[in-house]
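Numbering (this note's numbering), first residue to last: 42 to 112. Cβ atoms here follow ideal geometry from the backbone N, Cα and C, with glycine treated the same way. First the structure, in the form of structure tokens, and then the observations on it.
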């Protein structure tokens, strides 16, 4: 289970995204979506390639900062 503090970070990321949407700031929306999704990859750590491996096709390309998570 994740530490409770991580959920605060996730909510804060959503707040930034909602603010960008409200401003109709496409560049900020794209940037925040990227940060949020890659943050999820980082938060899931090894579970992404073990516990959740069935969600990915064989040969999935992992982001450079997540190389240690490769199966």
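Let's see if you can read the secondary structure: which residues bound the alpha helix (DSSP H) around residue 49? Unbroken alpha helix (DSSP H) run through residue 49: 45 to 63.
Tell me which residues share the same chain as residue 69 and place their Cβ nearer than 6 angstroms to its Cβ, disregarding the 5 neighbours each side in the sequence. Take residue 69, set aside five residues on each side of it, and the residues of its chain with a beta-carbon closer than 6 angstroms to its own are 61, in chain order.
Here's the rule I'm using: 16 or more other beta-carbon atoms within 10 Å means buried, otherwise exposed. How should residue 45 be labelled? With a 10 Å radius around the Cβ and a threshold of 16 neighbouring Cβ atoms, residue 45 comes out exposed.
Does the Cβ of residue 89 have 16 or more other Cβ atoms within 10 Å, making it buried, or fewer, making it exposed? Flag for residue 89 reads buried.
Rounded to a whole number of angstroms, what is the C-alpha to C-alpha distance between residue 14 and residue 96? This structure does not reach residue 14, given that the chain is present from 42 up to 112, and the question cannot be answered.
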